[in-house]
Amino acid sequence: MNAAVLVLRLLLGGMLLVAGLLKVGHAANLAASIAGFRLLPAAVAGPLALALPFIEILLGAYLVAGLFTRATAWIVAAQFFIYAAAVASAVLRHIPANCGCFGPGDAAVADWPHVAVDCLFGAAAIFIAVGAPGPLALDRKLRAA
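For the sequence shown, the residue numbers in numbering that gives the first Met the number 0 are 0 to 144.
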């Protein structure tokens, strides 16, 4: 289980880092993607588009480093299940929303496979949270100190 936690921590954390980095500097595109789901008021979409890339980068870095692993993994799980719910909502309402998951170059649209992948990532984050921190985690070093 420890090896699986480490591998998932690195993969999920790395993916969040890449996704966040690809969104930095493209707040207008991300705000348009968020608004396209028609779930949040425009007054929320803009500030969320500014903050979300940095939140993803921070959460990804924490997972990769194994810092605050359990809490971070629970937050990441919630984040992916919220994404899954938003995408499912768009699919059910027949809204051709673009997720913007990996920046402005990402043309993925809301569909059921996307919901399934987000749920899979959420489940992986729960697995990390339950098995945290895993090997090579800074949490282990801090606990030993």
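From the three backbone atoms N, C-alpha and C, an ideal C-beta is built for every residue, glycine too.
Check residue i in the structure and name its three-state DSSP category.
i, result
"VAL23", "coil"
Please name the residue, chosen from the options, that lies closest to residue i on a Cα-to-Cα basis.
i, options, result
"MET0", "LEU141, GLY59, PRO134, ALA107", "PRO134"
"ALA123", "LEU49, TRP73, ILE54", "TRP73"
"ASN28", "VAL17, LEU57, LEU16, PRO46", "PRO46"
"LEU57", "THR71, ALA48, LEU49, ALA44", "THR71"
"ILE127", "VAL90, ALA50, VAL63", "VAL63"
"HIS25", "PHE101, THR68, ILE125, VAL4", "PHE101"
Taking all protein chains shown into account, decide if residue i is buried (16 or more other Cβ within 10 angstroms of its Cβ) or exposed.
i, result
"ARG8", "buried"
"HIS113", "buried"
"LEU141", "exposed"
"PHE120", "buried"
From which residue to which residue does the alpha helix (DSSP H) around residue i run?
i, result
"PRO132", "It is not in any alpha helix (DSSP H) - PRO132 carries neither H nor E in the DSSP assignment."
Report the residue ranges of all alpha helix (DSSP H) runs contained in full by the segment 31-104; include only those spanning at least 4 residues, in chain order. 41-64, 68-91
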